[in-house]
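Going by my numbering, the letters in the sequence shown line up with residues 5 to 480, in that order. Cβ atoms here follow ideal geometry from the backbone N, Cα and C, with glycine treated the same way.
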Amino acid sequence: ISVRNAGVNDYFGFLWEGFITIPTTGNYTFELISDDGSKLYFNTPYSVGAAALVNNDGIHGAYPISNQLNIQAGLYPIAMTFFEKYSGESMQVYWSGPGIPRQLIPNAAFTESYSTPADNIAPSAPLNVKAILTGNGFMEIGWDNSSDNVGVTGYDIYVNNVKKYTSIQPTTRIDTTANTSYSITIKARDLAGNTSDFSSPLAVTTSPKANGLKYRYYEGVWNNLPDFNALIPKKTGSTPNIDMSVRTPGRNDFFGFVWEGYINIPTAGNYTFELISDDGSKLYFNSFYSASATALVNHDGLHSAYPVSATVNVAAAGLYPFAMTFFENSGGETMQVYWSGPGIPRQLLTTSSMSAGSGLVANMSTDLAPAITARSQVASASAEAGFHLMKAFPNPFSDRFSIQFNNTLSGGNASVGIYDLSGKMVFRQHFGNIASGNAQLLVQINGNRLVPATYIVRLHVNEVPLKTWILQKDDK
């Protein structure tokens with residue numbers, strides 16, 4: 005930035021563009037330290053609408069923001085932007101990668117212009133195309149990196165033989181509709197414009213859309229609610245609302261239920277939830293069920309049917325994770341859930357209750373992606389076996405949070421995805437291979453401008469969704 009006009013130390017900006025040489029295939033971390041804002045664009049020329057790999061925008065002091073990418077060896081377009089408002093002015097770009105310790109990117113890595121050499125060799129076809137995550141309205145797919153004599157610069161994704169998406173990484177998100185069949189194929193591209201053969205097709209048929217709740221039915225003798233996740237259910241399925249009639253016919257004692265899904269909060273404000281049960285029950289708001297989660301309404305124990313309620317302030321309308329548990333020991337068996345809120349008089353919580361009051365289709369839904377893949381149960385047993393003491397903190401967070409765990413297995417390529425409550429990925433940060441032992445991943449949202457809301461945070465290892473948390477982003 006010393007090439008600026010002499011004596012100008014405030015109110016200026018820069019755009020640098022060129023090409024960068026990636027010497028070896030592998031994971032590369034790019035880091036910006038700037039005062040004030042900066043961005044780094046990889047494998048794309050600069051435009052205001054392009055997605056920055058590293059976003060350190062805004063007015064701030066000099067602190068680091070980084071992101072990681074798995075890159076094939078080759079030459080790639082790169083661009084960096086910077087502005088200085090007042091006070092200190094600094095702009096530094098670091099990188100690290102295979103055989104490269106963290107260092108300022110040297111001049112030798114950059115070239116101002118580039119002429120594509122004669123290259124008639126196409127990349128190899130992508131292999132192992134697979135669905136990583138499916139849900140209501142979207143599907144996330146992944147595949148193995150292609151190889152090329154110069155370097156793969158991107159992938160073209162075809163849906164039902166029509167090119168729909170491009171990606172510079174071996175993963176992408178595809179929009180879907182319910183009860184529809186898709187054939188997905190992928191081609192790799194290199195810098196000379198050569199394209200590979202199509203990958204083998206991935207055939208996917210999405211499920212019909214359904215409102216209601218997922219349920220798990222158990223049988224056993226308890227005086228208090230057990231840890232249902234440690235037990236094997238007798239029956240699972242979907243139900244329009246809280247319905248105990250799906251239990252074993254003739255069984256009126258010694259059984260339990262877990263119901264999970266989403267509840268549609270139509271208006272911000274205070275909502276009261278009330279349990280009337282015989283015997284024990286709990287209600288979890290903005291949380292899926294786990295024995296260690298804090299219940300909003302706790303009506304546990306052996307007792308007759310009487311009401312217990314609690315009120316929660318919901319800052320924004322939208323879909324929120326929701327769960328209820330119940331057990332019956334002996335005697336009468338009752339489970340009812342009432343709610344009330346802005347414009348909603350006290351009434352039973354059923355699939356139709358909100359449609360009658362607000363014109364919405366339903367107040368509870370099982371369809372979103374986290375209802376299908378929300379807990380660590382979706383990860384393979386072998387992958388999950390190596391990870392222990394997993395936690396995400398703080399909750400709520402503002403511009404960053406950490407994921408901490410103990411990894412008893414060496415290796416594993418880690419990434420963290422953030423999803424809104426419709427299941428759409430809104431942010432992803434790659435961390436590369438993780439060593440064995442205690443590890444902590446710092447997820448930095450600076451400049452990404454996620455609005456204050458409830459988000460689904462998912463830890464992936466080797467593209468397997470290993471663990472999911474529900475975190476709240478505040479506006480501090």
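query: Using a Cβ-Cβ cut-off of 8 Å (strictly less than) and excluding sequence neighbours within five positions of residue 273, which residues of its own chain qualify?
result: Here residue 273 has 317, 318, 345, 346 as same chain residues with Cβ atoms under 8 Å from its own Cβ, once five neighbours each way along the sequence are excluded.
field: Segment contact, 8 Å Cβ cut-off, at least three pairs: the segment 455 to 472 with the segment 97 to 106
entry: Per the Cβ contact rule, the segment 455 to 472 is not in contact with the segment 97 to 106 (fewer than 3 Cβ pairs under 8 Å).
- prompt: Who are residue 96's beta bridge partners in DSSP?
  reply: BP columns for residue 96 point to 37.
Per-residue DSSP class, three states only, for residue 555: Summary: the structure shown does not reach residue 555, with the chain confined to residues 5 through 480, and so no result is reported for it.
task: Measure the C-alpha to C-alpha separation of residue 4 and residue 263 and round it to an integer number of angstroms.
output: Here the chain has residues from 5 to 480 only, and residue 4 is not among them.
field: Residues of its chain near residue 321, where Cβ-Cβ distance is below 7 Å and the 5 sequence neighbours each way are ignored
entry: Result list for residue 321: 269, 270, 271, 272, in chain order.
field: Where residue 249 falls: helix, strand or coil (DSSP)
entry: DSSP places residue 249 in helix when its eight states are reduced to three.
field: Same chain, Cβ closer than 7 Å to residue 132, five either side skipped, listed in chain order
entry: Same-chain partners within the cutoff: 147, 148.
- request: Please work out which residues of its chain come closer than 7 Å, Cβ to Cβ, to residue 9, disregarding the five sequence neighbours upstream and downstream, and give them in chain order.
  value: Sequence-distant Cβ neighbours of residue 9 in its own chain, meaning closer than 7 Å and more than five residues away, do not exist here.
message: On the CB-based measure, 16 or more other CB atoms within 10 Å of its CB, does residue 419 come out buried or exposed?
response: By the neighbour-count criterion, in which 16 or more other beta carbons inside 10 Å mark a residue as buried, residue 419 falls on the buried side.
- prompt: Which runs of the beta strand (DSSP E) spanning at least 3 residues fall entirely within the segment 45 to 115, listed in chain order?
  reply: Listed in chain order, they are 58 to 60, 67 to 75, 78 to 88, 94 to 101, 104 to 108.
field: Nearest-angstrom Cβ-Cβ length linking residue 329 and residue 285, presumed shorter than 8 Å
entry: About 6 Å separates the two Cβ atoms, so the contact holds.
field: Cβ neighbour criterion (16 or more within 10 Å) applied to residue 187
entry: Exposed: under 16 other Cβ atoms inside 10 Å.
- request: Identify every residue that forms a DSSP beta bridge with residue 314.
  value: Answer is 277.
task: Look at the Cβ atom of residue 281, then the Cβ atom of residue 338, and state whether they are nearer than 8 Å.
output: For residue 281 and residue 338, yes; Cβs fall inside 8 Å.
query: In terms of alpha-carbon separation, which member of 265, 32, 122, 103 lies closest to residue 324?
result: Of the candidates 265, 32, 122, 103, the one whose C-alpha sits nearest the C-alpha of residue 324 is 265.
Residues near residue 304 in its chain [Cβ-Cβ closer than 8 Å; skip 5 each side]: Cβ within range, chain order: 228, 229, 284, 285, 286.
- prompt: Does the beta-carbon distance from residue 69 to residue 52 come in below 8 Å?
  reply: For the pair residue 69 and residue 52, the CB atoms are not nearer than the 8 Å cut-off.
query: Which stretch, first to last residue, makes up the beta strand (DSSP E) that contains residue 410?
result: Start and end: 404 to 411.
- request: Please go through the same chain and pick out, in chain order, the residues whose beta-carbon is closer than 6 Å to the beta-carbon of residue 20, but skip the five residues on each side of it.
  value: So the qualifying residues of the chain are 84.
- request: Starting from residue 258, follow the beta strand (DSSP E) in both directions and report where the run begins and ends.
  value: Per DSSP, residue 258 belongs to no beta strand (DSSP E) and is neither H nor E.
field: Same chain, Cβ closer than 7 Å to residue 398, five either side skipped, listed in chain order
entry: Within the same chain, Cβ atoms closer than 7 Å to the Cβ of residue 398 are found at 405, the five residues on either side in sequence being excluded.
- request: Return the first residue and the last residue of the beta strand (DSSP E) that residue 434 is part of.
  value: Counting along the chain, the beta strand (DSSP E) containing residue 434 begins and ends at 429 to 437.
field: Neighbourhood of residue 93 by C-beta distance below 7 Å, restricted to the same chain and skipping five residues each side
entry: 5, 13, 39, listed in sequence order.
message: For residue 82 and residue 408, I'd like the C-alpha separation in whole angstroms.
response: Straight-line Cα distance between these residues: approximately 32 Å.
query: Rounded to whole angstroms, how far is the Cβ of residue 108 from the Cβ of residue 25, which I believe are closer than 8 Å?
result: Going by Cβ atoms, the distance from residue 108 to residue 25 rounds to 15 Å, so no, they are not a contact pair.
task: Please confirm whether residue 154 and residue 194 have their CB atoms less than 8 Å apart.
output: Yes, these two residues count as a Cβ contact at 8 Å.
field: Own chain partners of residue 435 with C-beta closer than 7 Å, once the 5 adjacent residues on each side are dropped
entry: The residues 72, 418, 419, 445, in chain order, have a CB closer than 7 Å to that of residue 435 in the same chain once the five nearest residues on each side in sequence are set aside.
field: Helix, strand or coil at residue 1 according to DSSP, with G and I counted as helix
entry: No statement about residue 1 is possible, as the shown extent of the chain runs from 5 to 480 and does not include it.
task: List the DSSP bridge partners of residue 225.
output: None; residue 225 has no bridge partner.
task: Compute the distance between the beta-carbons of residue 291 and residue 474, then report whether it is under 8 Å.
output: With contacts defined as CB atoms closer than 8 Å, residue 291 and residue 474 qualify as a contacting pair.
message: From the DSSP secondary-structure annotation, give me the bridge partner or partners of residue 194.
response: Paired residue(s): 156.
- prompt: Would you report the Cα separation of residue 75 and residue 151, rounded to the nearest angstrom?
  reply: A straight line joining the alpha-carbon of residue 75 with that of residue 151 spans about 11 Å.
query: Which residues bound the beta strand (DSSP E) around residue 442?
result: Segment 441 to 448, the beta strand (DSSP E) holding residue 442.
task: Look at the Cβ atom of residue 126, then the Cβ atom of residue 198, and state whether they are nearer than 8 Å.
output: Taking a C-beta distance under 8 Å as the contact criterion, residue 126 and residue 198 qualify as a contact pair.
task: Work out the CA separation of residue 49 and residue 261 for me, nearest whole Å.
output: Cα to Cα, residue 261 sits roughly 55 Å from residue 49.
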